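Peer 1: The structure that follows is given in the form of structure tokens.
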Amino acid sequence: MTVLGIETSCDETAAAVVCGPANKRILSSTIRSQIDEHTEFGGVVPEIAARAHIEILDRIVAGAMHEAGCSWDDIDAVAATAGPGLIGGVIVGFMTAKAIAMAANKPLVGVNHLEGHALTARLTDDLAFPFLLLLVSGGHSQFLLVRGVGDYERLGTTIDDAIGEAFDKTAKLLGLPYPGGPHVEKMAAKGDVTRFRLPRPLLDRPGLDMSFAGLKTALRTQAKKLEPVDEQTICDLCAAFQRSVSDVLAARTKSALALFKDRHPDAEPAIVVAGGVAANQEIRRSLLAAADEAGARFVAPPLTLCTDNAAMIAWAGIERLQLGPVDDMALSPRPRWPLDAANAGVLGAGK
Ligand code: ATP
Ligand code: MG
Ligand code: FE
């Protein structure tokens, strides 16, 4: 089947056309980032995001359809993010999808954005259930046990800031531009990782929860002592920060894989990474090493599919439609929608 996907939950306006589940193919995937509109505010401004989605979504959808060489007749269903996310943007995307589905007389699938991230690796790789997912983005940092479509268990999460958020806040306090992750990574590459020692929060405690707010505070304290900080100090602080985050993620990944093997002794252990922070090369290397040590497969979808995109939403729509007919016309957009809540991601959830 061929599905049109729409994603508007944060600061990317995206549309894509994807075929599957057999002969999986991304026919088009158009993403328009709003970063330029938000940079001067040092973060995403919800009202600006919603307006920017309204202004451009029609053209993005038309562009994705054109690039895919598809007419409405070629589309079997429309899938759109129905939450969680910035509600103004979610409403714009989901209502647009409802209108298209109604006008073109196609089924509508309301996709949980996190489910989109969770299932992406099955679009890009040959990956069977169950698997372990580490979602690390601007809004989320969590380990999820993915047992099947709509069957998720959150094993651990950050108790404060998401990792991407911690990267962004750290960048801001060091005077680096938004979004901070790529800038911190670039500075860290020129830094001396041994000069500062930042904490590895929560690692002294069992379980899979994580904490990143303290890390940023510790970094601020170190930076304050040295004010005004020179460029090399910024690089050294970035290196220390990135190393702490990588260490915490690697340690928790090893524990998560141990838990996975315990729960599913017969399954091939696999850890999938998703979310914008997965772009970070040092974090990738640490996760790969942790997976290797545990004898597990490490799956990292291409970067363009790790960050927010609509191909993952179209794909999640395809996966949901394999379970049976879906008609989410009565579904309301939801600002919060935990993936492991009862029936999350399955028909009718959130009505
Ligand atoms: P969510 O998907 O949870 O709603 P989001 O849309 O903000 O949140 P993404 O678009 O997946 O998340 O990722 C953006 C985040 O990834 C930002 O916080 C950004 O700083 C971070 N990021 C991007 N590249 C890197 C990198 N190279 N290193 C570390 N972090 C990065
Ligand atoms: Mg984003
Ligand atoms: Fe996302």
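Numbering (the working numbering), first residue to last: -2 to 348.
Built from N, CA and C at the ideal position, the CB exists for glycine as well.
Note that the coordinates shown come from a computational prediction; the quantities given were computed from them, not determined experimentally.
Any chance the CB of residue 91 is under 7 Å from a heavy atom of the ligand ATP?
Peer 2: Taking the first residue of the sequence shown as position 1, residue 91 is located at position 94. The answer is no for residue 91.
Peer 1: Can you tell which of 157, 323, 184, 60 has the C-alpha that lies nearest to the C-alpha of residue 25?
Peer 2: Looking up residue 25 in the sequence shown gives position 28. When each option's Cα is compared against that of residue 25, the closest is 60.
Peer 1: Using a Cβ distance threshold of 8 Å, determine whether the stretch 78 to 93 contacts the stretch 48 to 60, with at least three qualifying pairs required.
Peer 2: yes
Peer 1: Can you name the start and end residues of the alpha helix (DSSP H) that residue 125 belongs to?
Peer 2: Translated into the one-based positions of the sequence shown, residue 125 becomes position 128. Run containing residue 125: none; DSSP gives neither H nor E here.
Peer 1: At 3 residues or longer, what runs of the beta strand (DSSP E) sit wholly inside the stretch 73 to 147?
Peer 2: 74 to 80, 105 to 109, 128 to 133, 138 to 145
Peer 1: Can you tell which of 287, 302, 172, 204 has the C-alpha that lies nearest to the C-alpha of residue 226?
Peer 2: Stepping through the sequence shown from its first residue, residue 226 is reached at position 229. Residue 172 is the option with its Cα nearest to residue 226.
Peer 1: Based on DSSP bridge pairs, tell me the residues matched to residue 1.
Peer 2: What you label residue 1 is simply residue 4 of the sequence shown in a count that begins at 1. The secondary-structure analysis by DSSP pairs residue 1 across a beta bridge with 14, 75.
Peer 1: In terms of alpha-carbon separation, which member of 278, 229, 197, 76 lies closest to residue 242?
Peer 2: As a working note, residue 242 is residue 245 in the sequence shown. It is 197.
Peer 1: So does the stretch 66 to 79 actually touch the stretch 3 to 15, counting three or more Cβ pairs closer than 8 Å?
Peer 2: yes
Peer 1: So, do the stretch 317 to 328 and the stretch 26 to 33 have three or more beta carbon pairs nearer to each other than 8 Å?
Peer 2: At 8 Å Cβ cutoff, the stretches do not touch.
Peer 1: Closer than 7 Å to a non-hydrogen atom of the ligand ATP - does that hold for the CB of residue 277?
Peer 2: Looking up residue 277 in the sequence shown gives position 280. Closer than 7 Å to some heavy atom of the ligand ATP: that describes the Cβ of residue 277.
Peer 1: Can you tell me where the beta strand (DSSP E) with residue 22 in it begins and where it stops?
Peer 2: Reading the sequence shown from its first residue, position 25 is the one you call residue 22. Element bounds for residue 22: 22 to 30.
Peer 1: Taking DSSP's pairing of strands, which residues face residue 207 in a bridge?
Peer 2: Here residue 207 is taken as the residue at index 210 of the sequence shown, counted from 1. DSSP output for residue 207 lists 155 as bridge partner(s).
Peer 1: Along the chain, where does the alpha helix (DSSP H) containing residue 271 start, and where does it finish?
Peer 2: The sequence position of residue 271 within the sequence shown is 274, counting from 1. Per DSSP, residue 271 lies in no alpha helix (DSSP H) segment; the continuous beta strand (DSSP E) that holds it begins and ends at 267 to 271.
Peer 1: Beta carbon of residue 158: closer than 7 Å to some heavy atom of the ligand FE?
Peer 2: For the purposes of this step, residue 158 is taken as the residue at position 161 of the sequence shown. Because no heavy atom of the ligand FE lies under 7 Å away, the Cβ of residue 158 does not count as near it: no.
Peer 1: Looking at the secondary structure, which residues open and close the beta strand (DSSP E) in which residue 294 lies?
Peer 2: Here residue 294 corresponds to residue number 297 of the sequence shown, with the count starting at 1. First-last of the beta strand (DSSP E) with residue 294: 294 to 296.
Peer 1: So what does DSSP say about residue 224, is it helix, strand or coil?
Peer 2: Position 227 of the sequence shown holds residue 224. Residue state, collapsed to three classes: coil.
Peer 1: Is DSSP giving residue 346 helix, strand or coil here?
Peer 2: Taking the first residue of the sequence shown as position 1, residue 346 is located at position 349. In this prediction, residue 346 has a pLDDT of 41, which is less than 50 and means its spatial position is unreliable; what the coordinates show is noted afterwards. Looking at residue 346 - three-state DSSP - the assignment turns out to be coil, as it is neither helix nor strand.
Peer 1: Does the stretch 141 to 151 touch the stretch 293 to 304, meaning 3 or more C-beta pairs lie closer than 8 Å?
Peer 2: Fewer than three Cβ pairs drawn from the stretch 293 to 304 and the stretch 141 to 151 lie within less than 8 Å of each other, which leaves the two stretches out of contact.
Peer 1: Does the beta carbon of residue 63 fall short of 7 Å from some heavy atom of the ligand FE?
Peer 2: Here residue 63 refers to the residue found at position 66 of the sequence shown. No, Cβ of residue 63 sits at least 7 Å from all heavy atoms of the ligand FE.
Peer 1: Along the chain, where does the alpha helix (DSSP H) containing residue 311 start, and where does it finish?
Peer 2: Translated into the one-based positions of the sequence shown, residue 311 becomes position 314. Counting along the chain, the alpha helix (DSSP H) containing residue 311 begins and ends at 308 to 319.
Peer 1: Does the beta-carbon of residue 330, which I'm using as the reference point, lie nearer than 7 Å to any heavy atom of the ligand ATP?
Peer 2: As a position in the sequence shown, residue 330 is number 333, starting the count at 1. No, Cβ of residue 330 sits at least 7 Å from all heavy atoms of the ligand ATP.
Peer 1: Residue 269 and residue 130 look like a contact to me (Cβ under 8 Å); what is the Cβ gap, rounded to whole Å?
Peer 2: Looking up residue 269 in the sequence shown gives position 272. Looking up residue 130 in the sequence shown gives position 133. Contact flag correct, Cβ pair sits at about 5 Å.
Peer 1: Considering residue 284, what are the terminal residues of the alpha helix (DSSP H) in which it resides?
Peer 2: For the purposes of this step, residue 284 is taken as the residue at position 287 of the sequence shown. From DSSP, the alpha helix (DSSP H) with residue 284 extends over 278 to 290.
Peer 1: Output the boundary residues of the alpha helix (DSSP H) element that contains residue 180.
Peer 2: Numbered from 1 along the sequence shown, position 183 holds the residue referred to as residue 180. Run containing residue 180: 177 to 185, per the alpha helix (DSSP H) assignment.
Peer 1: Between which residues of its own chain and residue 85 is the CB-CB distance below 7 Å, once the five residues before and five after are set aside?
Peer 2: Counting from one through the sequence shown, the residue named residue 85 turns up at place 88. Closer than 7 Å at Cβ, skipping near neighbours: 43, 44, 46, 47.
Peer 1: Who are the near neighbours of residue 288 in its chain, counting only those whose CB is closer than 6 Å to its CB and skipping five residues on each side?
Peer 2: Here residue 288 refers to the residue found at position 291 of the sequence shown. Only 268, 295 meet the Cβ criterion.
Peer 1: Per DSSP, what are the beta-bridge partners of residue 34 in this structure?
Peer 2: The residue given as residue 34 occupies position 37 in the sequence shown. Beta-bridge pairing links residue 34 to no other residue.
Peer 1: List the endpoints of the continuous alpha helix (DSSP H) containing residue 7.
Peer 2: As a first step, residue 7 must be located in the sequence shown, where it is residue number 10. Per DSSP, residue 7 belongs to no alpha helix (DSSP H) and is neither H nor E.
Peer 1: Would you kindly check if the distance between the Cβ of residue 272 and the Cβ of residue 132 is under 8 Å?
Peer 2: Position 135 of the sequence shown, counting from 1, holds the residue named residue 132. Position 275 of the sequence shown, counting from 1, holds the residue named residue 272. Yes, the Cβ-Cβ distance between residue 132 and residue 272 is below 8 Å.
Peer 1: Considering only the beta carbon of each residue, do residue 181 and residue 237 sit closer than 8 Å?
Peer 2: If you number the sequence shown from 1, residue 181 lands on position 184. If you number the sequence shown from 1, residue 237 lands on position 240. Their beta carbons are not under 8 Å apart, which means residue 181 does not touch residue 237 by this criterion.
Peer 1: Within the chosen definition, does the stretch 108 to 122 reach the stretch 279 to 288 through at least 3 CB pairs nearer than 8 Å?
Peer 2: No, the stretch 108 to 122 is not in contact with the stretch 279 to 288.
Peer 1: If we ignore side chains and look at the alpha-carbon of each, how far apart do residue 311 and residue 337 end up?
Peer 2: To locate residue 311, count along the sequence shown from 1; it is residue 314. To locate residue 337, count along the sequence shown from 1; it is residue 340. Distance between the alpha carbons of residue 311 and residue 337 is about 20 Å.
Peer 1: Under 7 Å from any heavy atom of the ligand ATP, does the C-beta of residue 245 make it?
Peer 2: Here residue 245 is taken as the residue at index 248 of the sequence shown, counted from 1. Every heavy atom of the ligand ATP is 7 Å or more from the Cβ of residue 245, so no.
Peer 1: Name the two residues that bound the continuous alpha helix (DSSP H) containing residue 70.
Peer 2: On the sequence shown, residue 70 is found 73 positions in, with the first residue counted as 1. Taken as a continuous stretch (DSSP letters only), residue 70 belongs to no alpha helix (DSSP H), as it is neither H nor E.
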